[in-house]
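Be aware that the sequence shown starts at 204, since it is given in the numbering used here, and climbs by one per residue.
This report refers to the structure that appears directly beneath it.
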Amino acid sequence: MSVADLPRSWPQPEPEALELSERLAASLRERIAASDDGWMPFDTWMEAALYTPGLGYYAGGAAKFGGAGDFVTAPVVSPLFAWTLARDVARILRAGGDTVLEFGPGDGQLCVELLQELAELDALPEHYLLLERSASLRARQEEALQALPEEVRRRVYWLDAPPQDKVRGVILANEVADALPVRRFQRTEDGVLELGVELADDGGFRWGTRARDDLAGHVAALETVLGRRLQPGYESEYHQQLPGWINVLSDSLHWGICLVIDYGYPRDEYYHPQRRQGTLMCHYRHRAHPDPFLLPGLQDITAFVDFTAMAEVGQEAGMDVLGYTAQAHYLMGAGITQVLEARMRAADEAASLRLSQQAKTLMLPGEMGERFQVLGLGRGCEEALAGFSMYNRLERL
Ligand SMILES: C[S@@+](CC[C@H](N)C(=O)[O-])C[C@H]1O[C@@H](n2cnc3c(N)ncnc32)[C@H](O)[C@@H]1O
204 MSVADLPRSW
214 PQPEPEALEL
224 SERLAASLRE
234 RIAASDDGWM
244 PFDTWMEAAL
254 YTPGLGYYAG
264 GAAKFGGAGD
274 FVTAPVVSPL
284 FAWTLARDVA
294 RILRAGGDTV
304 LEFGPGDGQL
314 CVELLQELAE
324 LDALPEHYLL
334 LERSASLRAR
344 QEEALQALPE
354 EVRRRVYWLD
364 APPQDKVRGV
374 ILANEVADAL
384 PVRRFQRTED
394 GVLELGVELA
404 DDGGFRWGTR
414 ARDDLAGHVA
424 ALETVLGRRL
434 QPGYESEYHQ
444 QLPGWINVLS
454 DSLHWGICLV
464 IDYGYPRDEY
474 YHPQRRQGTL
484 MCHYRHRAHP
494 DPFLLPGLQD
504 ITAFVDFTAM
514 AEVGQEAGMD
524 VLGYTAQAHY
534 LMGAGITQVL
544 EARMRAADEA
554 ASLRLSQQAK
564 TLMLPGEMGE
574 RFQVLGLGRG
584 CEEALAGFSM
594 YNRLERL
């Protein structure tokens, strides 16, 4: 796939961006050609496309979030997200926490707005830690933090690795799990094949399959817990890195809560018979599509997450599964209506209209309200989260 495959009505990349993408594609081509069987597992492709230093989507310098970028996340849609989340974060900090740790802070907006609101609520943490694997995003976060007064900004630290001193307080990860590279599989009549990437005759990339026993074993175990066999031809994702990542969150938490917010489903819905193509999704300039080979390094590649798997790993790691609900219900429970009313009263007509539109984007089922889910994990923390007070669907996991 190349720029020639980009639909004509889509924005074309700038020449410099295209050059970077071609460099990344060339290095991927070389790696595939040099491999024993002319094939690259999909998780290796996704890792390279997103994180190759200087060239990968998250490792390059281009705008990703918002109008000029490729997609929006809840903190980018509206400060209402951070202002509302701040209510639950403040609750935990007042109950004995002193730190917030945010994984994958993106452009830093959630951090800035959360700290501003926590200052208003007189519940500032002693430390706000950011763990970001992209150097270019870290630079953006540093820039965004200039909006904060020095007294607040000095509480923020970047970590290069999970904290050695475990956190007492809150761990947040909004849209991070979906960016973890996934393996892909295809069920056949009599087995399971791993989906990966081969070189196409036109110099581009195409899907190819190989037999891999370990992945077949994972899918067999999955079918056992589902209590049914997936249909021949069924394709989906296996999140090999998810358990390790949840364990990192767990190992980072001494006392408090951990909120994982993302698009995903409980396991039985994730592997629903009708979801025959899996959940892989790519974003290029606000166009969502399923082709991960388009313009390597210039588009985001994501997969929905299996919330049941995350809850199970959290539980095995000794955390309590506190809640699971749709983003809309979480925000309602946490008080978005009151936050919105108060902000609208203080705003002029245009700003007030903007806020109510943003609230719709965060809340409506056809927008982010249902697609995004919130999983709450906790350790030693008795404090109830308001976000799960309205509609906790733990039994769905
Ligand atoms: C889709 S963006 C979400 C950004 C932000 N949380 C938001 O909601 O706007 C994914 C973020 O996760 C980061 N990331 C991906 N894998 C990570 C990991 N293993 N640890 C920390 N950050 C990670 C990416 O670099 C990026 O900042």
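Beta carbons: idealized from backbone N, C-alpha and C, even for Gly.
Selection from the options that minimises the alpha carbon distance to residue i
i      : options                           : result
Ala423 : Glu335, Ile449, Asn450 and Tyr474 : Tyr474
Glu570 : Lys369, Ala529 and Ala553         : Ala529
Val542 : Glu598, Asn595, Leu333 and Asp291 : Asp291
Pro352 : Gln518, Val373, Thr412 and Ala322 : Ala322
Gly307 : Thr255, Phe284 and Leu375         : Leu375
Gln443 : Leu429, Arg343, Pro256 and Gly420 : Gly420
Gln621 : His457, Gly411, Thr391 and Tyr260 : This structure gives no information on residue 621, because the portion of the chain shown stretches from 204 to 600.
Residue i burial status per 10 Å Cβ neighbour count (16 or more: buried)
i      : result
Val315 : buried
Thr302 : buried
Gly447 : exposed
Arg431 : exposed
Pro278 : buried
Gly493 : The sequence shown places Pro at residue 493, not Gly. Pro493 is exposed by the Cβ-count criterion.
Tyr331 : buried
Thr276 : buried
Ser212 : exposed
Asp246 : buried
Gln344 : buried
Alpha helix (DSSP H) segment containing residue i, residue limits
i      : result
Tyr254 : Phe245 to Tyr254
Asp273 : It is not in any alpha helix (DSSP H) - Asp273 carries neither H nor E in the DSSP assignment.
Gln349 : That residue, Gln349, is in no alpha helix (DSSP H); it is neither H nor E in DSSP.
Cβ-based neighbour list, residue i, same chain, cut-off 8 Å, excluding 5 preceding and 5 following
i      : result
Leu445 : Ala380, Leu383, Val508, Asp509, Ala512, Met513 and Val516
Ala520 : Ile449, Asn450, Ser453 and Asp454
Gln576 : Ile464, Asp465, Tyr466, Gly467, Tyr468, Phe510, Tyr527, Thr528, Ala529 and Gln530
CB of residue i within 8 Å of CB of residue j, strictly
i      : j      : result
His486 : Asp503 : yes
Glu438 : Phe388 : yes
Pro328 : Arg297 : no
Gly459 : Arg582 : yes
Leu588 : Gly526 : yes
Ala347 : Gly299 : no
Glu397 : Arg415 : yes
Tyr533 : Gly590 : yes
Leu558 : Arg546 : yes
Glu378 : Trp361 : no
His457 : Lys369 : yes
Own chain partners of residue i with C-beta closer than 6 Å, once the 5 adjacent residues on each side are dropped
i      : result
Val400 : Met243, Trp248 and Phe408
Ser224 : Leu498, Pro499, Gly500 and Leu501
Element boundaries [beta strand (DSSP E), containing residue i]
i      : result
Asp503 : Asp503 to Thr505
Asp291 : From DSSP, Asp291 is part of no beta strand (DSSP E) but of the alpha helix (DSSP H) over Pro282 to Arg297.
Gly517 : Premise fails: Gly517 lies in the alpha helix (DSSP H), Phe510 to Glu519, not in any beta strand (DSSP E).
Gly583 : Segment: none, Gly583 is in no beta strand (DSSP E) and carries neither H nor E.
Glu440 : Glu438 to Tyr441
Val400 : Val395 to Leu402
Gly411 : Phe408 to Arg413
Asp465 : Leu456 to Tyr468
Other residues of its chain near residue i: CB distance less than 7 Å, five sequence neighbours each side excluded
i      : result
Gly272 : Ala266
Asp471 : Leu429
Gln518 : Val524
Gly191 : What the structure shows of the chain is the stretch from 204 to 600, and residue 191 is not part of that stretch, so it cannot be assessed.
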